[in-house]
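Mature numbering (1 follows the signal peptide of the UniProt record, and there is no 0) puts the sequence shown at residues -26 to -1, 1 to 224. First the structure, in the form of structure tokens, and then the observations on it.
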Amino acid sequence: MKMRHLMALAAAVLATVSFLLSGVSGFDFYKLSLTWPPSACNIGRECIPYIPGMFTVHGLWPQYANDTPVPPYAQDPTCTTITPTDPSQIPAQLQPIEDRLHENWPSFYPDRTGTRDDPTFWRHEWEYHGMCSDYPNDTLGYFTETLNLAQNNNPLTVMGIQPSDTTLHEVKTILDAVKNKSKVYPQIVCNTLPRVTTLQLVEFRFCFKRAKPPSVLQDCPKKLAGDCKNETDEIRFPPAPPISSIKDEL
């Protein structure tokens, strides 16, 4: 009993130290969300011409233990005692890693002029997730560590499947393959291909224990999101289109 009390006390002290160092409290883990571009861009929404056949970063999100996201700073500024970096400073702050960001954290949806606008996407992620992370005044650190996590945790190496136009995969098979390789369950996110109403994998999410920087994987509290409702669902994992006209698939 005494040992259990000491361990609980130590955990409380560590949590307090973490809060004092970061100025951020309240959340429990991080979720790294990675997008599969072919599935994001074959459902009728206008995308940029080139669709890569690799997972790209959507974001790194602070989450509560019940797997709900921490609200944006604009909605709840009590998430941190530190004044976060203003979103308007994003372009200047991220110049040292701009090339990595363009390659690995792109926006696939053109702006009103029809051109790709990655910085707006990055700013959105900072406003909605970064400002209440453990990096409220360290924009470069937040984006750099997210890129590093994505680089070191590639779903293609643990899912046990390859892109295919014809093969369907049971969600449970993918989850079990990841559990076997990574020792944790991820979260699989699905959308639906119109007309044929086929489910397809659109995002893959790893969960990490809260730390600065996060590095230790943990089970995601919820294994499924989006249109996938059951582990017995069969889903598609489409390859990247050989040409820019992806709407021919619809």
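Note that CB positions come from ideal geometry on N, CA and C, so glycine has one too.
Residue i (DSSP reduced to helix, strand or coil)
i	result
Glu144	strand
Arg210	strand
Asp92	helix
Phe117	helix
Gly134	coil
Asp112	coil
Asn165	strand
Lys155	helix
Cys194	coil
Ser13	helix
Tyr102	helix
Lys(-25)	Confidence at Lys(-25) is low in this model, with a pLDDT of 47, below 50, so its placement is unreliable and no value can be given for it.
Ala(-12)	Confidence at Ala(-12) is low in this model, with a pLDDT of 43, below 50, so its placement is unreliable and no value can be given for it.
Nearest neighbour of residue i, chosen from the options [CA to CA]
i	options	result
Phe1	Gly18, Asn122, Pro36, Asp139	Pro36
Asn204	Leu191, Cys106, Cys164, Lys183	Cys164
Ala66	Asp50, Arg169, Asp112, Pro215	Asp112
Pro213	Thr171, Tyr83, Pro137	Pro137
Ile162	Arg169, Ala151, Gly104	Ala151
Thr42	Tyr4, Thr166, Ser81, Arg90	Tyr4
Tyr38	Lys183, Asn126, Ser81, Leu173	Lys183
Pro46	Arg74, Phe82, Cys106	Cys106
Cys181	Glu72, Lys157, Tyr24	Lys157
Ser7	Asp207, Leu75, Arg179	Arg179
Thr171	Arg210, His76, Leu191, Thr54	Arg210
Thr140	Pro160, Lys153, Leu173, Thr57	Leu173
Glu177	Asp50, Pro160, Asn122	Pro160
Leu191	Lys155, Pro168, Pro216	Lys155
Cβ-based burial, residue i [other Cβ within 10 Å; buried from 16]
i	result
Arg19	exposed
Gln69	exposed
Pro48	Before going on, a small fix: residue 48 reads as Ala here, not Pro. With fewer than 16 other Cβ atoms within 10 Å, it is exposed.
Gly88	exposed
Gly124	A quick correction: the sequence has Ala, not Gly, at residue 124. Result: buried.
Gln63	exposed
Asp108	buried
Lys197	buried
Asn128	exposed
Thr9	buried
C-beta neighbour in chain B for residue i, strict 8 Å
i	result
Trp100	Absence of chain B from the displayed structure is noted, only one protein chain being present.
- Okay, do the stretch 84 to 97 and the stretch 138 to 145 touch, 3+ Cβ pairs below 8 Å being the bar? By the Cβ criterion, the stretch 84 to 97 is not in contact with the stretch 138 to 145, since fewer than three pairs of Cβ atoms, one from each stretch, lie closer than 8 Å.
- Examine the Cβ distances between the stretch 12 to 25 and the stretch 126 to 133 and report whether three or more of them are shorter than 8 Å. Because the criterion of three Cβ pairs below 8 Å is not met, the stretch 12 to 25 and the stretch 126 to 133 do not touch.
- Assess, as a yes-or-no matter, whether the stretch 20 to 31 is touched by the stretch 188 to 203 under the definition of 3 or more beta carbon pairs within less than 8 Å. Contact fails: fewer than three Cβ-Cβ distances are below 8 Å.
- Kindly provide the ranges of any beta strand (DSSP E) runs that are 3 or more residues long and lie completely inside the stretch 26 to 80, ordered along the chain. Within the stretch 26 to 80, the complete beta strand (DSSP E) runs of at least 3 residues are 30 to 37.
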